[in-house]
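**Q** Numbered per this note's numbering, the first sequence spans residues 926 to 1491. This is the structure I want to talk about, given as structure tokens.
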Amino acid sequence: MPHPHSILTFAIMSEIKSLNFIEEVIEADLQTGKYKSIVTRFPPEPNGYLHIGHAKSICLNFGLALEYGGYTNLRFDDTNPVTEETEYVDSIKEDVKWLGFEWKNELYASDYFDNLYQFAVELIRKGLAYVDDSTAEEIAEMKGTPTEAGKESSFRNRSVEENLDLFQRMKNGEYPDGSRTLRAKIDMTSPNMHLRDPLMYRIKHAHHHRTANTWCIYPMYDFAHGQSDSIEKVTHSICTLEFIPHRALYDWFIEKLDIFPSHQYEFGRLNLTYTVLSKRKLLQLVNDGYVSGWDDPRMPTISGVKRRGFTATALRDFCDRIGVQKRENLIDVSLLEFCVREHLNKISLRRMVVFDPLKIVITNYPLMNEEMLRGEDNPEDANSTHREVPFGRELYIEQEDFMENPPKKYFRLSPGNMVRLKNAYIIRCESVIKDDSGKISEVLCTYIPESKSGSDTSGLKVQGTLHWVSIAHAVSAEVRLYDRLFRVEDPNSEEGDFKNYINPDSLQVVRNVYAEPCVANAKFSERYQFLRKGYFCLDKESSEDKMIFNRTVTLKDAWVKEQKKG
RNA sequence: UGCCCGAUAGUAUAAUGGUAGUACGACAGAUUUUGGUUCUGUUUGUCGAGGUUCGAAUCCUCGUCGGGCAACCA
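Right, here's the structure in full:
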């Protein structure tokens, strides 16, 4: 008997959570007993890197299996040897794991080449497939157009025996590439172009990343995918909208072969504002040098966002929130940023780092003195650990945190005004020192000794709190600040080349920032919030003598908004 | 102008013939030793026209708009 608690939880959950259309189908299938449990698959072609569009599919396929107690196979759709490489297989496996999912079986469409060949022979025997000697051009010509019926090939009515013989000889390598194909005999007048005698096999004398030179004929996607699903007893085969017209063919092969009836369901692929998510376009960004590589932190690839500092938790949460539907969508990238911030806020260690230093001197702080102050690592954590932050007479604050003639609502440091230095004291600006050119070289302040953080008896209230770093103790680092790669909301729908809309300022490098000492102990596994600056993580290009941090995402900033209004 | 898919606030997503709700965004306020976080409030929506019905976002009809389909790619 189930624990009463879990029943309650389930009741509440099902009341709150609404089902997407695929979940509805699955629940119905489970309820009617059509399936006892479900099997899904994630079927990438190993010809490129995964991006966050794939993440949506991964979360869907693996998430469904987890939700309903089934399992998911990772199946590489490797039916085209000329585009596929083992390097991609490895990166795909790594990315799926990083996202936090485990596949039941690691499989390859190429594992089924023998089965598929037998299936083809079977269809030939049934008079449902034939070898066509037409050229690619002739086949395209005879295909007709969406508004115009196709014409039957003159090879369409070859005998079963001849087809069997020819197909075997195709397999044996007797014919050159492109000289013959195996086609399904369906209907050249079908309004669905995919049913006009689609190609099942083509000749390619090419090396395959797994089967090497065993084969010189390779099945087309349509002749491989459904049957692969069927062999694996995939119950719910989920793909994107553009495969809708393929479904009739998917079903046709399964029906004629009389094999396990897998079913295909289609959802709308992810589109993100200010982003492109097509392999072709991402490849161009890499090849044309707009980014440093597939894992450039500005790239929407899994490896890119991972290097940027996004967490798998945030990505999964994002995929959860965007939902699943049978319609086109363009998700606002601010939702992604929200998910990333929400997670990072909970786990990041707070650190103080000054990017653009302005020297301040605490004139009433004892000469040669210094002290260690305590700073919370994470105020979101009730049991937060602490680190020690050295304080001294000479400090850096940000240039932007001081103004000689401040505008209204400026809460920061200005002559005569007081601010708190985070984790330290309240200070007052007494005067400024300028160099010959009139530029402020340092700001002279006094501090209120009894205002020390944690034991403040001053009774003073100030509006601003600044981050700072002791000049004598500061450690150096480089930070890389990223902005969106495109300057228009939907680069895919703009006129002309999408590359015309690239944001020229998507990367800003600050070679030397001043960080509090404990930043020197930064770890790759940890996430940081540089106070008031954003979330950061260590970049892989960091070395022993040079730390490099990527800005994952900024903090929300009400002040910039305020300024824009003015 | 053949076939297929779709249309709910700015964006995304619920409501499955019975009060149009949620999240993000935006705006306003409270709290705050991060102009962060948190909390509260406000704003804005059923593509159009008919029909069925006591009652339609939901069902039907006709439009409109968007997307897809003519690779020996997946």
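For every residue, glycine included, the Cβ atom is placed at its ideal position computed from N, Cα and C. Just so it is clear, the structure is predicted and the values come from calculations on it, not from any experiment.
Three or more beta-carbon pairs under 8 angstroms between the segment 1134–1153 and the segment 996–1013, yes or no?
**A** With a cut-off of 8 angstroms, the segment 996–1013 and the segment 1134–1153 count as touching, because enough Cβ pairs lie within range.
**Q** Give a yes or no on contact between the segment 1220–1236 and the segment 1167–1181, applying the rule of three or more CB pairs nearer than 8 angstroms.
**A** Flag = no, the segment 1220–1236 and the segment 1167–1181 do not touch.
**Q** Which residues bound the alpha helix (DSSP H) around ARG1241?
**A** ARG1241 -> alpha helix (DSSP H) spans 1237–1247.
**Q** With a 10 Å radius around its C-beta and 16 neighbouring C-beta atoms as the bar for buried, classify PRO927 as buried or exposed.
**A** In this predicted model, PRO927 has a pLDDT of only 35, less than 50, meaning its place in the structure is not dependable enough to derive any value.
**Q** Out of curiosity, what's the CA-to-CA distance linking ASP1482 and PHE1455?
**A** Taking the straight line joining both Cα atoms gives about 14 angstroms.
**Q** Going by DSSP, what residues sit across from PHE1001 in a beta bridge?
**A** Answer by DSSP bridge pairing, in chain order: TYR1033.
**Q** For VAL1531, count neighbouring Cβ atoms within 10 angstroms of its own Cβ and tell me buried if that reaches 16, exposed if not.
**A** No answer is possible for residue 1531: it lies beyond the span of the chain, which begins at 926 and ends at 1491.
**Q** Can the beta-carbon of HIS1268 be found closer than 7 angstroms to that of THR1310?
**A** In this structure, THR1310 does not lie closer than 7 angstroms to HIS1268 by Cβ.
**Q** Bridge partners of MET1293, per DSSP?
**A** MET1293 is not bridged to any residue.
**Q** Suppose the cutoff is 7 angstroms on Cβ atoms and the five residues either side in sequence are ignored; what does the same chain contact list for PHE1178 look like?
**A** So the list reads PHE1148, GLY1151, GLN1152, once near-sequence residues are dropped.
**Q** With DSSP collapsed to three states, give me the class of LYS1284.
**A** Of the three classes helix, strand and coil, the one that applies to LYS1284 here is strand, per DSSP.
**Q** Which value, in whole angstroms, describes the spacing of the CA atoms of CYS1443 and THR965?
**A** Computed Cα separation, rounded: 47 angstroms.
**Q** Under a Cβ-count criterion, where at least 16 other Cβ atoms within 10 Å of its own Cβ denotes burial, should GLY1234 be classed as buried or exposed?
**A** Buried is the call here.
**Q** Nearest CA to the CA of THR997: which residue from TYR974, ILE963, GLY978?
**A** For the residues TYR974, ILE963, GLY978, the minimum Cα distance to THR997 belongs to ILE963.
**Q** Does DSSP put GLN1152 in a helix, in a strand, or in coil?
**A** Three-state DSSP puts GLN1152 in a helix.
**Q** With a Cβ-Cβ cutoff of 7 angstroms, do THR1288 and LEU1369 count as a contact?
**A** It is a contact, given that the beta carbons lie within the stated cut-off.
**Q** Indicate whether the contact test is met: 3 or more Cβ pairs, each with one atom in the segment 1453–1473 and one in the segment 1415–1430, closer than 8 angstroms.
**A** Too few Cβ pairs lie closer than 8 angstroms, so no.
**Q** Starting from GLY1459, trace the beta strand (DSSP E) both ways and give me its first and last residue.
**A** Where GLY1459 is concerned, the enclosing beta strand (DSSP E) stretches over 1459–1463.
**Q** For ILE1358, which of helix, strand or coil comes out of DSSP?
**A** Strand.
**Q** Name the DSSP beta bridge partners of ASN1475, please?
**A** According to DSSP, which records beta bridges pairwise, ASN1475 is partnered with ARG1405, CYS1462.
**Q** Would ALA1173 and ASN1117 qualify as a contact pair, given that the criterion is a beta-carbon distance under 7 angstroms?
**A** Against a cut-off of 7 angstroms, the Cβ pair of ASN1117 and ALA1173 comes out as a contact.
**Q** Leaving out the 5 sequence neighbours to the left and right, which residues in its chain are closer than 6 angstroms to ALA1440 when beta-carbon positions are compared?
**A** Hits under 6 angstroms: VAL1278, VAL1400, ALA1402.
**Q** Among ARG1318, ARG1083, PRO1304, TYR1407, which has the Cα closest to the Cα of GLU1262?
**A** Of the candidates ARG1318, ARG1083, PRO1304, TYR1407, the one whose C-alpha sits nearest the C-alpha of GLU1262 is TYR1407.
**Q** If we count Cβ pairs, one from each stretch, closer than 8 angstroms, do we get three or more for the segment 1029–1049 versus the segment 1066–1082?
**A** They do not touch, by the three-pair rule.
**Q** Where do the N-terminal and C-terminal ends of the alpha helix (DSSP H) with MET1277 fall, by residue?
**A** MET1277 -> no alpha helix (DSSP H), and no H or E assigned at all.
**Q** Quick check on DSSP: helix, strand or coil for ASN1270?
**A** If DSSP states are grouped into helix, strand and coil, ASN1270 belongs with the helices.
**Q** Would you say ILE1256 and ILE1285 are within 7 angstroms of each other, going by their C-beta atoms?
**A** Contact: no.
**Q** Considering ILE1365, what are the terminal residues of the alpha helix (DSSP H) in which it resides?
**A** That residue, ILE1365, is in no alpha helix (DSSP H); its beta strand (DSSP E) goes 1365–1373.
**Q** Below 7 angstroms between beta carbons: does that hold for ASP1020 and PRO968?
**A** Their beta carbons are not under 7 angstroms apart, which means ASP1020 does not touch PRO968 by this criterion.
**Q** So, with DSSP's three-state summary, where would you put ASP1090?
**A** Helix, per DSSP.
**Q** Count Cβ pairs between the segment 1317–1336 and the segment 1462–1469 that sit closer than 8 angstroms; are there 3 or more?
**A** Contact fails: fewer than three Cβ-Cβ distances are below 8 angstroms.
**Q** How is GLU1019 classed by DSSP in three states: helix, strand or coil?
**A** In the structure shown, GLU1019 sits in a helix (DSSP, three-state: H, G or I).
**Q** If you draw a straight line from the alpha carbon of TYR1013 to that of LEU975, how long is it in whole angstroms?
**A** In a straight line, the C-alpha of TYR1013 is about 9 angstroms away from that of LEU975.
**Q** Just to confirm, are GLU1077 and MET1113 a CB contact at a threshold of 7 angstroms?
**A** Going by C-beta atoms, GLU1077 is nearer than 7 angstroms to MET1113.
**Q** Name, in chain order, the residues that DSSP records as bridge partners for TYR1013.
**A** Partner(s): none; TYR1013 has no beta bridge.
**Q** Are the beta-carbon atoms belonging to ARG1409 and TYR1199 less than 7 angstroms from one another?
**A** Contact: yes.
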